[in-house]
Amino acid sequence: MVTDAANTALSFSLFYQQPSIIHLPAFSNIELGGDKLYSLFSFTTSFKELQTEITQILENPTPPPKKEKIANFLQEDLL
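In my numbering, the protein residues as written are 1 to 79.
Below, the structure is given as C-alpha cells:
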C-alpha cells in the first residue's frame, strides 16, 4: 500500500517501535447528489473542457433550489 497513510504509519512504527494497523474501508462509489462540480467530472473528457464548463457556470450562476425552499419555510408560521 503506497499512500500517505502508509508512509505515516511506517514512520510511526519505526519511531515508536510499535505495530500499526490501518483500516481504510473501500468505497465502491460516492454519491454527492446534484452537485454540479461532481457531475462535471463524470462527463468531461479533458481539463480544457472542464475549465470551459466551470468558467461558464461561474459567469452565469444559478441560485440553488434550496434557497427558495428555505425562504418559503421561513415565511410560513412556525408552531
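Cβ coordinates follow ideal geometry from the N, Cα and C atoms, glycine included. Note that this is a predicted model, so its numbers are computed, not measured.
Alpha carbon of residue i to alpha carbon of residue j, nearest angstrom
i	j	result
residue 54	residue 45	14 angstroms
residue 15	residue 8	11 angstroms
residue 58	residue 68	20 angstroms
Nonlocal neighbours in the same chain, by C-beta distance under 6 angstroms from residue i, ignoring five residues either side
i	result
residue 65	none
Close beta carbons around residue i, own chain, < 8 angstroms, minus the five adjacent residues each side
i	result
residue 12	18, 20
residue 10	20
Go through the stretch 51-78 residue by residue and report every complete run of the beta strand (DSSP E) that reaches 3 residues or more, in order.
none
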